[in-house]
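Below you'll find the structure, written out as structure tokens, and then a few comments.
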Amino acid sequence: MFLSAFVALFFIACDIHSAYINNAYDANNFQTAYKKTLSAEKDKTDALLWTMQEGYLDFSWGGGYYSIPTLDRAEELFNARVKSGFFVGALENVGATLTNDLAIPYTGYFFEGSLLNLYKALSFVQLGDYADARVEFNRANDRQRMASDYYAKEIRKAQLKQLQKEQKKDKQDTITPSTRDKEIVSIINKDYSNIFGFEVYKNLINPSISYLSGLFFLLDGDYSKSIDLLKEAYGITKSGVILDDMQLLEDRRNGKIKRYTWVIIDDGDIVRKASLSISPLLFTPGGLVGVSFVLPTLQGRDGKNAFSNYKIGDRNIEVITNLSSLFISEFKKQLPLIITRAMISTISKLAITQSMQIVGNNQNIPLLSIAGSLATIAFQASASADTRSSTFLPNRTLVARILNSNFKSSDANITGDGILLLKLHFIDDASKCPSDVSLDKNFKNFKSLKQGEKNKILINNFKAKKSDTLNLCSKTDNIVYIRAKNHITNHFIIKGD
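Here the sequence shown stands for residues 15 to 511, numbered as in the numbering used here.
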């Protein structure tokens, strides 16, 4: 009983840890969420997850460029996972087969890694460091293009390796991979039909990354690189804003210069994972057996929006990416391996407990029979789905573009469901326009600080109240970023001179 209690308490503690952080975040208590996230990063099993989470929080709610050091650390961890093989942990961690996937180091998703580079790229644009911004935009696009090929090659390879290892351990196991494939397809069709519909992002391309990269290269004068990225984003979204930017690119090629402001809104909360209990019939060396186990699933097909409808003036702001749908598309790629592991784990546990009980009964060894029963209880107590995922990300991304000269005599008002969120006020006097020079100086000072001092600055940033008006230069192209959740917002200028 002590074994079962210990195992259960270990995984309950992990769940409570995540729940505490998410509860603080959901309550808009970013200071507490941040402090607890820093503490969670010390656990090597989940270091990648919580370092990424810190980076997302630092960018959206801490003020853009302050996130660069954390995003760098997160990318190092992510690259190490990709280099060692995304699914190596799932294949080599024998202990996890007899407990659950929470014992495996968090692997992550390619869409999470691509966002690390996107947010770094936008942060470098904010600092006026276009050389480093270019590098990060390129990395973001390279990473997401790698995803589809990686899954096509590695998932099946990982599945077969897992099944072959199991057959070597049990020479009586004559269950073929094709039989397991049919069982997996049956589980997906029966238990996941509520979340898997038409695959919007079947190639795992985040159109926000393609679009914002294309916009950057457009404004930087690299038109040939820009047009390919804009076309890619338009092909997925059919967005009117992106189509307008493709026309703008041609205008600028021809020397027609008008100045615009782009608004990027990261809205709401991405869909989260949940536990799913299922009881399928599985083939085992002893025949067809009814079993029960838990799997991760998702809480529906969509996350939560902060506001249903955004406008700038009287124009609607367009959705160009539903990040929850992208998450679901990538989750579906990993699901066959997740189910394979769950099947093998369940069958292995069943074989162990049955063998102990049978031998104990046949040989009249009561303690062995009791141990088999206790093992069954321990395995049941440790049964827990791996519901780890990035919860600090938005549900969707929206974009809008306005012509600066249309707002000489009035502000551009950005609203969510009719509520004023932000006023954009345009200034003609260049000397009063925002500058990235002071930001670059601030960032250099920030990087030189010890980690404890950096943490204090970010905590203060989370608490700071922002003005509801942003001053922008009317004679330059501008990019404004807004993060919205639970009817609150944060905003800052990404490009303003």
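The C-beta atom is built at its ideal place from N, Cα and C for all residues, glycine as well.
In this text, all values refer to a predicted model and were calculated from it rather than measured experimentally.
With H, G and I counted as helix, E and B as strand and the rest as coil, what does DSSP make of residue i?
i           : result
residue 290 : strand
residue 386 : Any reading at residue 386 needs caution, since the residue's pLDDT is 44, under 50, leaving its predicted position unreliable; the model's value is listed next. Residue state, collapsed to three classes: helix.
residue 50  : helix
residue 405 : coil
residue 1   : The structure shown does not extend to residue 1, since the chain spans only 15 to 511, so no value can be given for it.
residue 297 : strand
residue 350 : helix
residue 501 : coil
residue 10  : Residue 10 lies beyond the residue range present for the chain, which begins at 15 and ends at 511; the question has no answer from this structure.
residue 199 : helix
residue 318 : strand
residue 381 : Bear in mind that a pLDDT of 49 at residue 381, under 50, signals an unreliable position, so the number given afterwards is only what the model happens to contain. Residue 381 falls in the helix class under three-state DSSP.
residue 492 : strand
residue 284 : coil
residue 216 : coil
residue 358 : helix
residue 210 : coil
residue 507 : strand
residue 34  : helix
residue 106 : Only weak support exists for where residue 106 lies, its pLDDT of 49 falling under 50; the value from the coordinates is given anyway. Of the three classes helix, strand and coil, the one that applies to residue 106 here is helix, per DSSP.
Taking 8 Å as the CB-CB cut-off, is residue i touching chain B?
i           : result
residue 174 : Protein chains in the displayed structure number just one, and chain B is not present.
Out of the options, which one is the CA nearest neighbour of residue i?
i           : options            : result
residue 305 : 312, 294, 314      : 294
residue 274 : 412, 420, 471      : 420
residue 475 : 35, 434, 75, 422   : 75
residue 237 : 216, 77, 261, 215  : 261
residue 207 : 290, 130, 85       : 290
residue 493 : 361, 33, 412       : 412
residue 99  : 172, 90, 470       : 172
residue 128 : 120, 403, 159, 138 : 159
residue 499 : 509, 282, 409      : 282
residue 209 : 426, 343, 458      : 343
residue 338 : 507, 406, 245      : 406
residue 509 : 502, 277, 399, 400 : 277
residue 117 : 307, 399, 169      : 399
residue 40  : 284, 147, 59       : 284
residue 311 : 302, 292, 288, 279 : 288
residue 271 : 458, 401, 491, 202 : 491
residue 457 : 67, 169, 141, 35   : 141
residue 229 : 242, 219, 472, 489 : 242
Looking at the unbroken beta strand (DSSP E) that takes in residue i, where does it start and where does it end?
i           : result
residue 304 : 301-304
residue 325 : 324-326
residue 274 : 274-281
residue 271 : No beta strand (DSSP E) holds residue 271; DSSP gives it neither H nor E.
residue 310 : 307-312
residue 336 : 332-336
Would you kindly report the start and end of the unbroken alpha helix (DSSP H) that includes residue i?
i           : result
residue 89  : 82-98
residue 135 : 124-141
residue 256 : 254-267
residue 241 : 237-251
Exercise. Is there contact between the segment 472-485 and the segment 264-283, where contact requires at least three CB pairs shorter than 8 Å?
Worked result: no
For this session: Report yes or no: do the segment 213-225 and the segment 332-339 share at least 3 C-beta pairs separated by less than 8 Å?
Result: yes
Problem set entry | Any 3 or more C-beta pairs closer than 8 Å across the segment 348-358 and the segment 431-441 | no
For this session: Determine, using beta-carbon pairs with one atom in the segment 246-260 and one in the segment 193-202, whether at least three such pairs fall under 8 Å.
Result: no
Exercise. So, do the segment 40-48 and the segment 63-82 have three or more beta carbon pairs nearer to each other than 8 Å?
Worked result: yes
Problem set entry | Three CB pairs or more closer than 8 Å across the segment 153-166 and the segment 305-322 | no
For this session: Please list the segments of the alpha helix (DSSP H) lying wholly inside the segment 397-479, counting only runs of 4 or more residues, in order along the chain.
Result: 451-462, 465-477
Exercise. Considering only residues of the segment 55-83, which uninterrupted beta strand (DSSP E) runs meet the minimum length of 3 residues and lie entirely inside it, listed in chain order?
Worked result: none
Problem set entry | Cβ contact check for the segment 427-436 and the segment 323-330: 3 or more pairs under 8 Å | yes
Problem set entry | Three CB pairs or more closer than 8 Å across the segment 240-250 and the segment 456-468 | no
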